[in-house]
Each structure stands twice: as C-alpha cells, then as structure tokens.
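Right, one structure below, let's go through it.
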Amino acid sequence: MKPSLSFLIASMFIAYVVFAITVVLVYEPRPEDRSWQERQEFNHRMLSEITIGQSIASIRQKMGRADFTEAKATADANFQIMFYRTHHVKSDGKTTKDECTPLLFKDDQLIAWGQETYDQFLQIPILNVVIESTPAVNSQPTSVEQEQSASSQQQ
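Here my numbering is used: the first residue of the sequence shown is 5, the next is one more, and so on.
In structure tokens form, the structure reads like this:
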C-alpha cells in the first residue's frame with residue numbers, strides 16, 4: 005500500500021472513533037425514546053426536582069410527554085392532570101394509571117402531585133354550561149322579503 009492511502013484509512017478510522025465517542029458521551033435521548041424501565045427511573049428522579057407553581061411547559065420540557073392526560077374546566081379555573089410512569093405494578097406490557105404519579109395543574113400551574121391527587125381531581129365539579137343558539141325571530145318581514153314574496157306570487 006502507498007503511504008498516503010494508509011494515512012487516509014487511518015485518518016478515517018480515527019475520525020469515526022472520535023465521532024462515536026462524542027455521540028455516546030453527549031447524546032441524551034428524550035424521555036419518550038427510552039425503554040419503560042429507563043423512563044420509569046427517569047420520571048421518579050425528576051419528581052424530586054419539581055416544585056409547586058411550575059408551568060405545564062416546564063414540566064413537559066423536563067419530563068417529556070405524559071403517559072396519560074385528562075382535563076376539565078370549572079367556573080373559576082381550568083384543571084389538567086398528567087400521569088407519569090414512576091413504578092411497576094404488573095408485567096403486562098402496558099402502562100396503566102396505577103403505575104403512574106399524577107401531577108395536577110390549575111390554570112397551567114402545578115398545584116399538587118402524588119397518589120391522592122387524582123382523587124382530588126375527580127372531585128372537582130365540571131363546568132356545565134350549555135350555550136343555546138336560537139334563531140332570531142323577526143315578526144315583520146323586511147322590505148327585501150316582501151319584494152321576493154310578491155315576485156314569487158306573480159310567477
């Protein structure tokens with residue numbers, strides 16, 4: 005082999021090794037890209053870093069997409085509850101709410117988390133407003149309607 009070809013191959017190999025090491029050391033997968041075991045452990049650790057008053061956006065940025073989400077509106081506020089898997093209950097290949105820790109938000113601000121939080125959420129009354137739309141009834145026909153009626157009668 006020529007010395008320049010050997011040098012080229014060695015340089016490419018070194019570049020590949022440096023790239024691979026950089027990816028391994030720097031790349032951090034998103035929470036939803038992890039296995040359920042890794043995500044469960046990650047979520048459990050992240051719960052120790054959250055505080056009352058944090059926004060939904062900051063929680064999503066820190067913990068990723070929730071496993072389950074529910075929401076309701078009352079006359080005073082909007083509530084949303086997000087469930088993050090934090091513990092293993094049954095090996096059935098599915099994540100269920102009993103394997104998750106709920107986080108409760110009021111108007112996009114974290115107000116509670118923990119196992120009793122879902123019961124609190126369920127007790128919040130739902131806003132029950134029905135908006136009725138009734139057509140406007142006009143007892144007097146307009147001049148346009150009178151003209152249309154007269155022209156249709158003549159035909």
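Glycine residues also receive a C-beta, built at the ideal position from the N, C-alpha and C atoms.
Which listed residue (the options) has its alpha carbon closest to that of residue i
i: Leu114; options: His92, Lys101, Asp96 and Ala81; result: Ala81
i: Gly118; options: Thr55, Asp96 and Gly97; result: Thr55
i: Leu131; options: Thr78, Met50 and Phe109; result: Thr78
i: Thr90; options: Tyr122, Ala116 and Asn47; result: Asn47
i: Arg64; options: Ala75, Met50 and Arg38; result: Met50
Under 8 Å between C-beta atoms of residue i and residue j
i: Phe83; j: Ile128; result: yes
i: Ser59; j: Asp112; result: yes
i: Ile85; j: Glu103; result: no
Beta-ladder partner(s) of residue i, from DSSP
i: Tyr88; result: Thr105
i: Ala116; result: Leu108
Secondary structure of residue i, DSSP reduced to three states
i: Glu42; result: helix
i: Thr121; result: helix
i: Ile60; result: helix
i: Ser10; result: helix
i: Ala70; result: coil
i: Ala19; result: helix
i: Ala24; result: helix
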